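Asker: Throughout the sequence shown, residue numbering follows my numbering, covering 427 to 817 in sequence.
Beta carbons: idealized from backbone N, C-alpha and C, even for Gly.
Keep in mind that this is a model prediction, so the values were computed, not measured.
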Amino acid sequence: MDKPYYPHLPISTNETLAKTLGVHPKLLQDFCARSNSSYTSFSVTSKSGKQRIVFEPKYELKKLQKRINHRIFEKVRFPIYLQGGIKDYEKKRDYVENAKIHANSKTLISLDIKNFYDNIGEAYVYRVFKYFFNFPDEVSKTLTALVTLNGRVPQGACTSSYIANLIFFNSEYRIVANLRGQGVKYTRLLDDITLSIESEISEEHTSQLIKDVIALFKKHDLKVQNKKTKISVKHSHAQPYDVTGLWIGHSKPKLRKSERRYIRQLVFECEKKHSQGSAEIDYHKFWNHVSGQVAKMHRLGHSQSADLRSRLAMILPTLDDLSERKLEIDLNKLINSKKQTSLKYGDITRINKVFYTLGILSRTKRNKSRKLRRKLKNAYPKIPTKVEYWL
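(1) Start and end of the beta strand (DSSP E) containing Leu817?
(2) Return the first residue and the last residue of the alpha helix (DSSP H) that Ile707 is part of.
(3) In three-state DSSP terms, what is Ile527?
(4) Per DSSP, Val650 is paired with what?
(5) Is the beta carbon of Thr570 less than 8 angstroms from the beta carbon of Phe555?
(6) Distance check for Arg799 and Glu818, CA to CA, integer angstroms please.
(7) For the beta strand (DSSP E) that contains Lys656, what are its first and last residues?
(8) Return yes when the Cβ of Ser597 is within less than 8 angstroms of the Cβ of Lys649, no when it is not.
(9) Over what stretch of residues does the beta strand (DSSP E) that includes Pro483 continue unbroken?
(10) Using only alpha-carbon positions, find the residue among Asn778, Lys779, Glu754, Ser768 that is nearest to Lys797.
(11) My guess is that Val551 and Ile437 are in contact by the Cβ rule of under 8 angstroms, so how many angstroms apart are they, rounded?
(12) Write down the C-beta distance between Pro580 and Tyr543 rounded to the nearest angstrom, noting that I regard them as a contact closer than 8 angstroms.
(13) Expressed to the nearest angstrom, what Euclidean distance is found between the alpha-carbon atoms of Leu745 and Ile786?
(14) Contact between the stretch 705-715 and the stretch 661-678: three or more CB pairs below 8 angstroms?
(15) With Val470 as the anchor, note down where its alpha helix (DSSP H) starts and where it stops.
(16) Hey, Asp428 and Tyr588 are a contact pair by Cβ (cut 8 angstroms); roughly how many whole angstroms apart?
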């Protein structure tokens, strides 16, 4: 499959759209009218240290956007060259799978779309609903209003990654087919584009490939971030031979020796911190961070991960007396304040947190943990997952 494909009939009216999303038609129009005031913004720091603004939809709009994802966007069949922000139950799509596609290559070209989300205007979003999904004008306008903020795609909304994957729906596949005919593999992980070739190519050929891809972006009023354009040749030390942060000098994506050494050092540091106290909040956070790094090693098939995981299992975080008392207080509050109505998202979060903390308690007081867990389960026999809640 070379292009995205929506295998269902179009949603014909706003009334049908409201029914699809499980809301009253009047409420749907209210959401559209106040969508621009239905976000909160905050600043986050990227790995490079750069500050960026993220827009989080407020509760009601977020719930509606989750349903748009589940009931519309997740029904789309996406080609394999699109690797980011897609829920695929058959084949995982992420930075690791993206890197695997380009293993065994000898030349890499990496491109980055500048300020991708901020520069996707509502006119292009409308075209996705109108000409890809074939929804009529009124439905396309309604959905566009629900997934944009002040005429742009907001970074932070759960619908934005799907829009980013569909924005080139009628032209990207042509570029992919043309490149494939030249023996070039193409993938896009949202705003990160990678081309790979199983041989070394001339500068002229490299420049032409870059121009062809940039032309696609220009048609949509998007630009490449020139500072991030990178051309790498295997076995050359001028540029690291990486795809989305993973080294692909061999047949499979791997972590570099320096990264593996760093993770081993983290485990050693964790062992030292454990000897100073395993119940401190800072230790819990550090252990979780290190555990995530070891899990990444395991995902990439590094044999050292098994030994590191065993070492971490010997230094698990625990609870001190104060944290144990707080756990019992939180648990009793949940039981005593149990409502007859359906659980809210915050309730599910609190219940799951208590269950998680009971798991930590079981490391030192198994019988007590089981007793408390049983009490909580009796009070809340059926707890929806967070995914089930939104749907």
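Answerer: So, from the listed chains and residues:
(1) Counting along the chain, Leu817 falls outside any beta strand (DSSP E), and DSSP gives it neither H nor E.
(2) 707-725
(3) When secondary structure is reduced to three states using DSSP, Ile527 falls in the helix class.
(4) Ile539
(5) Yes. Within cutoff.
(6) This structure does not reach residue 818, given that the chain is present from 427 up to 817, and the question cannot be answered.
(7) That run of the beta strand (DSSP E) goes 656-659.
(8) In this structure, the beta-carbon distance from Lys649 to Ser597 does not fall below 8 angstroms.
(9) 477-483
(10) When only C-alpha atoms are compared, the closest one is Glu754.
(11) In this structure, Val551 and Ile437 do not form a Cβ contact; the two beta carbons are roughly 16 angstroms apart against a cut-off of 8 angstroms.
(12) 7 angstroms
(13) 7 angstroms
(14) no
(15) Run containing Val470: none in the alpha helix (DSSP H); it sits in the beta strand (DSSP E), 465-471.
(16) Actually they are not in contact, since the Cβ atoms of Asp428 and Tyr588 sit about 19 angstroms apart, beyond 8 angstroms.
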